[in-house]
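What follows is a single structure, written as structure tokens, with notes after it.
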Amino acid sequence: MAHLQTTSEGMPVIVLKEGSKQSRGKDAQRNNIHAAKLVAEIIQTSLGPRGMDKMLVDSIGDITITNDGATILKEIDVQHPAAKMMVEVAKATDSEVGDGTTSSVILAGALLEKAESLIDDEIHSVIIADGYKKASRKATEFLREIATKVEPKNNEILEKIAHTSMQTKLVSIEATDLATLAVNAVLSVMEEKNDSIKVNLDNIKIEKKTGGSISESELVSGIVLDKEIVHSGMPRKIENAQIALISEALEIKKTEFEAKLNISSPNQIKSFMEEESQLLKDMADKIKSTNANVVLCQKGIDDIIQHYMGKEGMLAVRRIKESDMSKLAKSTGGRIVGSVNDLNKADLGSAQNVEEKRIEEDNWVFIEGCKNPKAISILIRGGSQRVIDEAERSMHDALMVVKDVIESPKIVYGGGSPEAYVALKLRDWAKSLSGREQLAVEKFADAMESIPLALARNAGMNSIDSITQLRAKQNAGEHFAGVDVVNGKITNFEPLGIVEPLKVKEQIIQSATETANMILRIDNVVSVSHSGTPEPSPQGMPPGGGMGMY
2 MAHLQTTSEG
12 MPVIVLKEGS
22 KQSRGKDAQR
32 NNIHAAKLVA
42 EIIQTSLGPR
52 GMDKMLVDSI
62 GDITITNDGA
72 TILKEIDVQH
82 PAAKMMVEVA
92 KATDSEVGDG
102 TTSSVILAGA
112 LLEKAESLID
122 DEIHSVIIAD
132 GYKKASRKAT
142 EFLREIATKV
152 EPKNNEILEK
162 IAHTSMQTKL
172 VSIEATDLAT
182 LAVNAVLSVM
192 EEKNDSIKVN
202 LDNIKIEKKT
212 GGSISESELV
222 SGIVLDKEIV
232 HSGMPRKIEN
242 AQIALISEAL
252 EIKKTEFEAK
262 LNISSPNQIK
272 SFMEEESQLL
282 KDMADKIKST
292 NANVVLCQKG
302 IDDIIQHYMG
312 KEGMLAVRRI
322 KESDMSKLAK
332 STGGRIVGSV
342 NDLNKADLGS
352 AQNVEEKRIE
362 EDNWVFIEGC
372 KNPKAISILI
382 RGGSQRVIDE
392 AERSMHDALM
402 VVKDVIESPK
412 IVYGGGSPEA
422 YVALKLRDWA
432 KSLSGREQLA
442 VEKFADAMES
452 IPLALARNAG
462 MNSIDSITQL
472 RAKQNAGEHF
482 AGVDVVNGKI
492 TNFEPLGIVE
502 PLKVKEQIIQ
512 SATETANMIL
522 RIDNVVSVSH
532 SGTPEPSPQG
542 MPPGGGMGMY
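FYI, the numbering for the sequence shown is 2 to 551, going by my numbering.
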């Protein structure tokens, strides 16, 4: 039915088109808060080392097994608009700091849940949002009070950081080996400029191959190409490689205009073919004259050139991706040339070893032992496709948190201890405030405790006993007290070596608060149906436009 408004003269005015639905005021707020809380509940059980994994099956039957918050929310394809905003908070946290995606969604859900009780007490949502904003700024200040400054190149600290991020994943048993790989990889590609350190993770290539165990994953100080050597007559291994990087096709170019050759004798055909062969041989000779013994080509390589290269003892790989070519240039120190005629000795890259290795059923080319490589590869192994997919996601998180600490060298202890400390300090600070803002800040403090609460619950601990003990220890001045889920008790995390980047915790608070505030400020939801007849929406959500919560 069309949405009508009536003028003072009693004339109906059609505002919204046929099939539109509108929910206003508290109904709209409740719908949005309910949808957002539902998303938080879905992934709450996957928080921490005792968190459970989710199996997600898509429309074509592909399976994903993960406990990474951003991956879960990306795969389940939520429909409700407020729920989609919760997915965005996970994506933003993932792209910014790499870890803490589950925590950010849980915190946003808790903030909305606490706000709901204040709305029931007739406190305006804008006042709640303002209180939350002030509380988040103060929470960040309190976090910095207990943050510890570290040396950005301290391997021991960096490995602890990477190890902590992997403790919650499927690969937690092999976390020590993978953490070492992640730290060495990031330290290899970091660049120091003007007293600051920058890390571009695009320079770390992750290749994955089923077979073997996760502990057989390796760091290659160079690039791994999932390609074969082009010709059977070429050597399978070259040491002290001099590498030519060529972006053009090593073939005779076709002319852009049509041309006809009138041949009147067999000799003319013969000389024509010989001329073509000679041009191709000249290309191979030109490459050889630069002392190159490895050719890596972005496009095709003609069979005749392959033959001549093989005779000269050269090794060649063709049809390499453009992104891999740029990584090869950074890794080997070579320069990509657009034409063979431009190639000279100064353009060549170098590597200790270029070798074709058999990985399960495929042959891959390894360019290893590059001197000071600015691009490197991590080869991830695992028993099945699902395992290596999750190992790759875990490696991404580990690389990101190591990058976070190198670029912003401050850490806090884990186990929910920073959140418990912030909750304690916020409650003290709230006493200095007056009016309804004080209630909002107190609710923010309660929401901060949702992280240690979820950790305790997922470990099978009594959540009420755990939070009571945690508050008691924090009140007694044990600021690093947190939930030890392995031993099922509340303990001091300082000696345990469970550490997290301060940058991750700040991002969790910031993104969760902004998302909660955005949802709180919505008091009117208009959903437009794509068809003329609106379908009944599940759970009383506004129908149409694909906006029902599944």
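Built from N, CA and C at the ideal position, the CB exists for glycine as well. This one's a predicted model, so the numbers in the text were calculated from it and none came from an experiment.
Of all alpha-carbon atoms in Ile306, Asn292, Ser272, the one lying nearest the alpha-carbon of isoleucine 253 is that of Ile306. Asparagine 68 counts as buried, since at least 16 other C-beta atoms from the protein chains shown sit within 10 angstroms of its C-beta. Around the beta carbon of proline 453, 16 or more other beta carbons lie within 10 angstroms, which makes this residue buried. Valine 338 is positioned such that its CB atom lies no closer than 7 Å to that of isoleucine 239. For a cut-off of 8 Å, the C-beta gap from alanine 163 to valine 402 is around 6 Å, short enough to register as a contact. Using a Cβ distance threshold of 7 Å, alanine 513 and serine 47 do not count as a contacting pair. CA-CA distance, alanine 347 to alanine 330, rounds to 13 Å. Alanine 446 places its beta carbon 7 Å or farther from that of arginine 472.
Within the segment 373-440, the complete beta strand (DSSP E) segments of 3 residues or longer fall at 377-383, 411-414, listed in chain order. Straight-line spacing of the CA atoms in asparagine 463 and glycine 132 works out to 31 Å. Restricted to the segment 124-173, not a single beta strand (DSSP E) segment is unbroken, complete and at least 3 residues in length.
For asparagine 354, the enclosing beta strand (DSSP E) starts and ends at 350-360. Closest option to asparagine 195, judged by alpha-carbon separation, among Gly478, Lys426, Glu408: Glu408. Closest by C-alpha distance to alanine 186, out of Leu380, Leu349, His81, is Leu380.
When the five nearest sequence neighbours on each side are left out, the beta carbons in the same chain lying within less than 7 Å of the beta carbon of tyrosine 414 are those of Phe481, Gly483, Phe494, Glu495, Ile499, Val500, in order along the chain.
Between leucine 497 and glycine 49, the gap from beta carbon to beta carbon reaches 7 Å or more. Here the C-alpha atom of aspartate 485 lies approximately 45 Å from the C-alpha atom of valine 366.
In this structure, leucine 74 sits near alanine 91, with a CB-CB distance shorter than 7 Å.
By the 16-neighbour rule on beta-carbons within 10 angstroms, histidine 397 is buried. In terms of Cβ geometry, serine 222 and proline 374 form a close pair [threshold 7 Å]. Residue pairing from DSSP leaves glutamate 259 without any beta-bridge partner. Between the segment 344-359 and the segment 178-192 there are fewer than three inter-stretch CB-CB distances shorter than 8 Å, so the stretches are not counted as touching. Residue pairing for leucine 220: DSSP places it in a beta bridge opposite Ile379.
Isoleucine 174 places its beta carbon 7 Å or farther from that of leucine 251.
The Cβ atoms of isoleucine 77 and arginine 387 do not sit closer than 7 Å to each other. The continuous alpha helix (DSSP H) containing serine 464 extends over residues 464-476. Here asparagine 518 is near alanine 130, since their CB atoms are less than 7 Å apart. Boundaries of the alpha helix (DSSP H) around proline 82: 82-97.
In this structure, arginine 145 lies away from asparagine 459, with their beta-carbon atoms at least 7 Å apart.
Assignment of lysine 75 by DSSP, reduced to helix, strand and coil, places it in the helix class. Contact annotation, isoleucine 510 with threonine 141: C-beta distance approximately 6 Å; criterion of less than 8 Å satisfied. Excluding five sequence positions before and after leucine 434, the CB atoms of its chain that fall closer than 7 Å to its own CB belong to Val442, given in chain order. Proximity to lysine 300 across His308, Arg319, Ala352 peaks at Arg319, based on C-alpha coordinates. DSSP places serine 265 outside both helix and strand once states are collapsed to three, so it counts as coil. Checking the DSSP bridge columns, you'll see leucine 251 partnered with Ile302. Assignment of isoleucine 510 by DSSP, reduced to helix, strand and coil, places it in the helix class.
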